[in-house]
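Structure first, commentary second.
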Amino acid sequence: MKITLLTVGKTEKGYLQEGIAMYCGRIGHYVSFRMQEIPDIKGASSLSQAQIKEREADNIMKYVKPADEVVLLDERGVQRGSEDWARSLGERFLRDSRDMVFVIGGPYGFSERIYQRADGMMSLSKMTFSHQMVRLVFLEQLYRAFTIMKGEPYHHK
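Position one of the sequence shown corresponds to residue 64 (my numbering), numbered consecutively onward.
See below:
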């Protein structure tokens, strides 16, 4: 099993890049993992939000295989605590060997086509984060989930 994090657009801030690199390295000790940045849409300033989302959907679908389990990080998704998510993720690893693809959309979210393709949605918070900040928050939570599954001392109750 492999886990991929697909993100729309580049991570621009150095402090985010540093944190993302650190957690990507840590996650790689537990599972085959990669983060794939999808380039921003060229000429987006002349497009409507709906057109931008459709073009982003075209690019997202290039990285998703039919057998992948696709989970969107979306404000309307299921919210879980860290321990509950770790338990759910661990159970999923035991019952299913499909590759997982987590997707963070651009600033306008996802097109309806991506929602239809998704196997699930999760929300990291009721708060709204920038689509770049969500990358770091998600990666930290993914790392935390693995340490919880392994009984390592990173997570404290």
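Note that beta-carbon positions come from the ideal geometry of N, C-alpha and C, so glycine has one too. Bear in mind that the values here come from a model prediction, so they are computed numbers and not experimental data.
E154 and G169 have their alpha carbons spaced roughly 30 angstroms apart.
If you check the CB distance, V166 and L69 come in under 7 angstroms. Closest option to G91, judged by alpha-carbon separation, among R207, H218, P216 and D147: R207. Assignment of alpha helix (DSSP H) within the stretch 120 to 184, counting only whole runs of 4 or more residues, yields 145 to 158 and 175 to 180 in chain order. Three or more Cβ pairs closer than 8 angstroms define a contact, and the stretch 141 to 160 falls short of that threshold against the stretch 113 to 125. Judged by beta-carbon spacing, L205 lies beyond the 7 angstroms limit of G82, meaning their Cβ atoms are not closer than that value.
Per the C-alpha coordinates, the member of E146, C87, D137 and K65 positioned closest to K213 is E146. Relative to M98, the option among E119, F201, I211 and W148 whose CA is nearest is F201.
Secondary structure at T67: strand, using DSSP grouped into helix, strand and coil.
At a Cβ-Cβ threshold of 7 angstroms, S186 and G144 do not count as neighbours.
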